[in-house]
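The opening residue of the sequence shown carries number -16 in the working numbering; numbering runs sequentially from there. Virtual Cβ for every residue (Gly too), placed ideally from N, Cα, C.
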Amino acid sequence: MLGKFVTIEGCDGVGKSTQIELLKGELLRRGKDFVFTREPGGTEISERIRSIISDPSLKMDAYAELLLYAAARRQHTYEFIRKQLSVGKLVFCDRYVDSTVAYQGYGRGIDLDVINSLNALAVGDTKIDLTLFIDLSPNEGFMRKGGADKGDRLECEASDFYDRVYMGFKSIKHERIEVIDGRGSEHEVHERIMSALEKRGVL
C-alpha cells in the first residue's frame, strides 16, 4: 500500500469528533492528500449496518452485534480503505479493530480469540500504521459531552459497561499505538496529536 492508515480510538465523549475537525483543518493547510472515514460505516452497506447496530429500539444478541461489526468492517476495508491506500492517500478512520476488542471483548465479555479471528478475517493483510488512543475515562468523557446519547443503543449501556470498555482499551499493547492524554483544552489535545503524527512519520 502506498498510503498510510491511521486509526483514532477512545471511549465515547473523549472528543474524537472535535479532534478530527481540527486535524482536517491542519491537513488542508499543509496540502496533504487525505480522507477521513468511520466505523461502522464508510460505505453504503456499512452505513446501513451502522443504523441497525445503533438503533436503541433493538435488543441485540452480543454475538450478532459482533458479526454485524465484522461484516461492516470487511465491506468498508475492501470497498473503501484499501482502495484509498493503494493510490497513496493518507487514511484516517474513526474507530477500527481496537474498538471491537474493547466494546465487544471487554464490554460484552466475548472471547478475545473469537474477536481476533473475526478482525483478521475482516481486515485481511491491511496494516494500521498508527493508532491514536485518546485516553480519557468514561466519566470524564460523558461529562464533557453532556451525558449519553439516548438515540444510540450502545450509549444507553450502564456505567460499568463503559468501565470495562475503558479497561479494554488500556489493556491493548501494541507498538502502533500512541496514547494521547485527553485531558485539557481541545487545542492542547490537538497539539499532542500533531506531535504524535510527526514523531511517527505520518506527517
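- Cβ atoms of Lys(-13) and Asp112 come within 8 Å of each other, at about 5 Å.
- Val74 is positioned such that its CB atom lies closer than 8 Å to that of Thr20.
- Its Cα nearest to that of Leu68, the residue Met(-16) stands out among Met(-16), Glu62, Lys156 and Tyr145.
- Under a 10 Å Cβ-count criterion, Tyr46 is classified as exposed, with fewer than 16 other Cβ atoms of the shown protein chains found around its own Cβ.
- Burial check for Lys42: the Cβ neighbour count within 10 Å stays below 16, so the residue is exposed.
- Remark: C-beta atoms of Thr114 and Asn102 do not approach each other more closely than 8 Å.
- 8 Å or more divides the Cβ of Ile36 from the Cβ of Asp81.
- Across the structure, Arg166 and Arg31 are spaced so that their CA atoms are roughly 34 Å apart.
- Secondary structure at Ile93: coil, using DSSP grouped into helix, strand and coil.
- Taking the Cα positions, Lys15 is about 18 Å away from Asp77.
- In this structure, the straight-line span from the alpha carbon of Val70 to that of Ile64 is close to 10 Å.
- Taking all protein chains in view, the Cβ of Val(-11) is crowded by 16 or more other Cβ atoms within 10 Å, so the residue is classified as buried.
- Given a length threshold of 4 residues, each whole run of the alpha helix (DSSP H) inside the region 108 to 171 is given here in chain order: 121 to 128 and 142 to 154.
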